[in-house]
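A quick write-up on the structure given underneath.
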Amino acid sequence: MIEILDPAQLPRARAVGALVATILQTAKARCQVGTNLLDIDAWTRSMIEDAGAESCYVDYAPSFGRGPFGHYICTSVNDAVLHGLPHDYAVVDGDLVTLDLAVSLDGVVADSAVSFVVGQGRPEDTAMITATREALAAGIAAARPGARVGDLSHAIGTVLRAAGYPVNTEFGGHGVGSTMHQDPHVPNDGRPGRGFKLRPGLLLALEPWVMADTATLVTDADGWTLRSATGARTAHSEHTVAITRDGAEVLTLPPAA
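Under the UniProt record's numbering, the very last position in the sequence shown is 257; numbers go up by exactly one each time.
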């Protein structure tokens, strides 16, 4: 299913995007050495409920998971990159953490993710996080009415490959609307000029992610957490954008300092 929002729905999309951005930045700021992943999940639940919003994850039970997910945010650490199931783990100095959050408010969903290092980082971690952010910026720059999904995928993949990272295209960006995961699928690499043609009112979650030395994923025994097959570190950046007549409006930008 592909949903196209009418102009009257765009303010609601902006509101939920701002909420997702605020929750992510608050959780990131509070995440320090010794923070437990279950505490991050509890903070997220409280912020969602205080806003009168709904989690997209608690009852989420797709075919690829061992659902329902049962938590409010994805917390992926080091070699975990996607769908990290919160569990009893206190982060240590140097951990590379990814927080991924999708929330529904007034019938519209926004989805975003951020990667960061807790405490003292390593140059290679910073470079990997930067590559996903730059790839995300390239995908957003390519998103405009009349562009094809393949144009966005190509822009993202070009940056990731130029930075030296293998690219997995099994999981990537996607449409959002009244639900979290919709068509079209937006792989993190592809051929320009191919795929669905973008039009105003389309919401897309673009999410470049990489693993340092492999494109192969393995799944934890929890049935959810996806890790690099080699144990290599990972990074993930994501924004929800609205296609407008003028291009792409980023809905999940962090609040101004």
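Backbone N, C-alpha and C define an ideal beta-carbon position, used for all residues, glycine too.
Own chain partners of residue i with C-beta closer than 7 Å, once the 5 adjacent residues on each side are dropped
{"i": "residue 293", "result": "As displayed, the chain neither begins before 1 nor continues past 257, which places residue 293 out of reach and without an answer."}
{"i": "Val159", "result": "Ala131, Glu134, Ala135 and Ala138"}
{"i": "Leu152", "result": "Gly139, Ala142, Ala143, Val186 and Leu206"}
{"i": "Ala90", "result": "Gly34, Thr35 and Asn36"}
Helix, strand or coil at residue i [DSSP, three-state]
{"i": "Glu249", "result": "strand"}
{"i": "Trp209", "result": "strand"}
{"i": "Gly175", "result": "strand"}
{"i": "Ala232", "result": "coil"}
{"i": "Ser63", "result": "coil"}
{"i": "Ile243", "result": "strand"}
{"i": "Val92", "result": "coil"}
Same chain, Cβ closer than 6 Å to residue i, neighbours up to 5 away in sequence not counted
{"i": "Ser228", "result": "Asp79, Met211, Thr214 and Thr234"}
Residue i versus residue j: straight-line alpha-carbon distance, rounded
{"i": "Ser231", "j": "Gly94", "result": "Reading off the sequence, residue 231 comes out as Gly, not Ser. In a straight line, the C-alpha of Gly231 is about 15 Å away from that of Gly94."}
{"i": "Gly175", "j": "Gly201", "result": "11 Å"}
{"i": "Trp43", "j": "Ala29", "result": "12 Å"}
{"i": "Arg191", "j": "Gly84", "result": "30 Å"}
{"i": "Leu198", "j": "Trp224", "result": "31 Å"}
Residues of its chain near residue i, where Cβ-Cβ distance is below 8 Å and the 5 sequence neighbours each way are ignored
{"i": "Pro166", "result": "Val210, Met211, Asp213, Thr214 and Ala215"}
{"i": "Ser237", "result": "Ala113, Val114, Ser115, Ile129, Thr132, Arg133, Ala135, Leu136, Glu207, Pro208 and Trp209"}
{"i": "Thr126", "result": "Val117"}
Legend entry - Three or more C-beta pairs below 8 Å linking the segment 67–75 and the segment 143–152: Touching, no, given that fewer than three Cβ pairs across the two stretches are closer than 8 Å.
Legend entry - Inside the segment 125–184 only - alpha helix (DSSP H) runs reaching at least 4 residues: Within the segment 125–184, the runs of alpha helix (DSSP H) that reach at least 4 residues and sit entirely inside it are, in chain order, 149–162.
Legend entry - Three-pair Cβ contact test at 8 Å for the segment 25–39 versus the segment 53–63: Note that the segment 25–39 does not touch the segment 53–63; fewer than 3 beta-carbon pairs, one per stretch, sit closer than 8 Å.
Legend entry - Inside the segment 19–64 only - alpha helix (DSSP H) runs reaching at least 4 residues: Here the runs fully enclosed are 37–50.
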